[in-house]
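Residues in the sequence shown are numbered from 16 upward in steps of one, following our numbering.
Where a beta carbon is used, it is the ideal one built from N, C-alpha and C, also for glycine.
Scroll down for the structure; my scribbles are underneath it.
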Amino acid sequence: MNILILTREYKSNKLPPCGGTGIFNTLLAKELVKRGHQIYVFGVNKTNIDFDDEGVRVHYTKNLFKRNFLYDLFRSVTQKFPFLMSYHFKIHEKEKRDISRRLFEYIEKNNLNIDMIECHDFEGLSLFLDKKIPYVVRCHGSFSVLEKYFGYKVEAGRKHCEREAFKKAKNVIAISRFSEQVNRELFGVSKFKLIYNGINIQEFRPDSNPSIIPFSIFYIGNVTLEKGADTAFRVFTRLVEKFPLATLHFVGRETPYKATLDKEIQAQHLTDKVIFHGYQSKENIIRLLNSAAVLIFPSKGETLGLALLEAMALAKPVAASNLDPFKELITSGENGYICDTDADFVNRISDILTDTTLAETLSKKARKTVVDHFSVEKMMTETLDYYTTVIQNHN
Numbered sequence: 016m017n018i019l020i021l022t023r024e025y026k027s028n029k030l031p032p033c034g035g036t037g038i039f040n041t042l043l044a045k046e047l048v049k050r051g052h053q054i055y056v057f058g059v060n061k062t063n064i065d066f067d068d069e070g071v072r073v074h075y076t077k078n079l080f081k082r083n084f085l086y087d088l089f090r091s092v093t094q095k096f097p098f099l100m101s102y103h104f105k106i107h108e109k110e111k112r113d114i115s116r117r118l119f120e121y122i123e124k125n126n127l128n129i130d131m132i133e134c135h136d137f138e139g140l141s142l143f144l145d146k147k148i149p150y151v152v153r154c155h156g157s158f159s160v161l162e163k164y165f166g167y168k169v170e171a172g173r174k175h176c177e178r179e180a181f182k183k184a185k186n187v188i189a190i191s192r193f194s195e196q197v198n199r200e201l202f203g204v205s206k207f208k209l210i211y212n213g214i215n216i217q218e219f220r221p222d223s224n225p226s227i228i229p230f231s232i233f234y235i236g237n238v239t240l241e242k243g244a245d246t247a248f249r250v251f252t253r254l255v256e257k258f259p260l261a262t263l264h265f266v267g268r269e270t271p272y273k274a275t276l277d278k279e280i281q282a283q284h285l286t287d288k289v290i291f292h293g294y295q296s297k298e299n300i301i302r303l304l305n306s307a308a309v310l311i312f313p314s315k316g317e318t319l320g321l322a323l324l325e326a327m328a329l330a331k332p333v334a335a336s337n338l339d340p341f342k343e344l345i346t347s348g349e350n351g352y353i354c355d356t357d358a359d360f361v362n363r364i365s366d367i368l369t370d371t372t373l374a375e376t377l378s379k380k381a382r383k384t385v386v387d388h389f390s391v392e393k394m395m396t397e398t399l400d401y402y403t404t405v406i407q408n409h410n
């Protein structure tokens, strides 16, 4: 098949840092190439660039708001006044029309015979896709979901385009039962294909002779309030009282919130105990996480938890916040812990740090969970079967 991924995010050292959706898109694209398919990525972000990424043809173009500051200014002004909201919606719709126009110009210019387009749900990029080419929308987590269920502040135009895009979408992939539930409630989507995200269990495998940093607590993800960086630090301040050798390691993109966190770290005189590793390559992430004694996932909102799956695949003991999608991965006390409060995190992590037998049991069962239910092979088989069904129904 000739498959095109339409996206804001794709993980590459040639592009700006991205989140879990970009990591997923890179995995999906390269796994499709391995299976003999021709893959194109059409990206919309802050730059114009073309490159080949291990057989994936990547084309990025600046979005409308980055190309024309007047449109960006108009978008910013119109969102501040309710009586201008209809214009705010129109400017966002204009950007989505522009994306589709540029996409199909790219397809035509390069004589691409595209069989299938995949797009993420957030921002409603699929709003004006041509119905001649079948497309699927994979629900990684829309801004509407992040606002309603997790308290994020979201621009109204983004939510508007998501609503309108879901009205047109006929083929929708949910990545968890929670994803099904919230998108049904928010957008009235009645039919989903459930395909859990998969992990490459050959890449993400435990080191045969790991060099564990004693009493090390690792956090992986953007350093933000939404991902629970504040919770991780609060929990650590209590743990370091019990375990003076404990260290806290942040692995992920640093955001403006880090400045606030730095002040708290200095006030607690813990500068030498908290390490920021920054945004890392996949290889470095695997190396770093293999050295962790335990991982903490205190996120306030997720639709599945790709980083959590990666940690479990590496056979690491994990403690995660009480989110429905996390509970689809973790049976608390068996292959990890689900924690309701800071005190829960402190107690469960303390148990892991003091009981090596417990830590080993949790780790082995975590790895087995991913191997049995969340492998990339399973995800790819289900994805390709769904693509085939969608194409057949379209024709």
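- In chain order, THR76 place their CB closer than 7 Å to the CB of ARG117, counting only its own chain and leaving out the 5 sequence neighbours on each side.
- By the CB criterion at 7 Å, ASP130 and ILE364 fall outside the cutoff.
- If the five residues before and after THR286 are omitted, its C-beta is found closer than 7 Å to the C-beta atoms of ILE280, all from its own chain and listed in chain order.
- Here the stretch 166 to 177 makes contact with the stretch 134 to 146; the two share three or more CB pairs at distances below 8 Å.
- The beta carbon of ALA247 sits closer than 8 Å to those of ILE232, TYR234, LEU263, PHE265, ILE311 and PRO313, all from its chain and outside the five residues before and after it, given in chain order.
- For ARG72, the enclosing beta strand (DSSP E) has its first and last residue at 71 to 77.
- Bounds of the beta strand (DSSP E) holding ILE188 are 187 to 189.
- Taking the Cα positions, ILE20 is about 43 Å away from ASN362.
- Taken atom to atom, the span from the alpha-carbon of LYS278 to that of VAL250 is near 16 Å.
- In this structure, the straight-line span from the alpha carbon of PHE57 to that of THR369 is close to 49 Å.
- Remark: C-beta atoms of LEU161 and GLY34 do not approach each other more closely than 7 Å.
- Following the DSSP letters along the chain, one finds GLY37 inside the alpha helix (DSSP H) bounded by residues 35 to 49.
- Around the beta carbon of GLU375, fewer than 16 other beta carbons sit within 10 angstroms, so the residue counts as exposed.
- Residue pairing by DSSP puts LEU21 in a beta bridge opposite PHE57 and CYS134.
- Contact annotation: the stretch 206 to 222 touches the stretch 321 to 332, with at least three C-beta pairs closer than 8 Å.
- In the displayed model, GLY293 falls within a strand according to three-state DSSP.
- Listed in chain order, the alpha helix (DSSP H) runs fully inside the stretch 137 to 199 are 158 to 165 and 171 to 183, counting runs of at least 4 residues.
- Counting only the Cα atoms, GLU256 lies some 53 Å from TYR150.
- Taking C-beta separations shorter than 6 Å and ignoring five residues to either side along the sequence, the partners of THR93 in its chain run LEU99, TYR102 and HIS103, following chain order.
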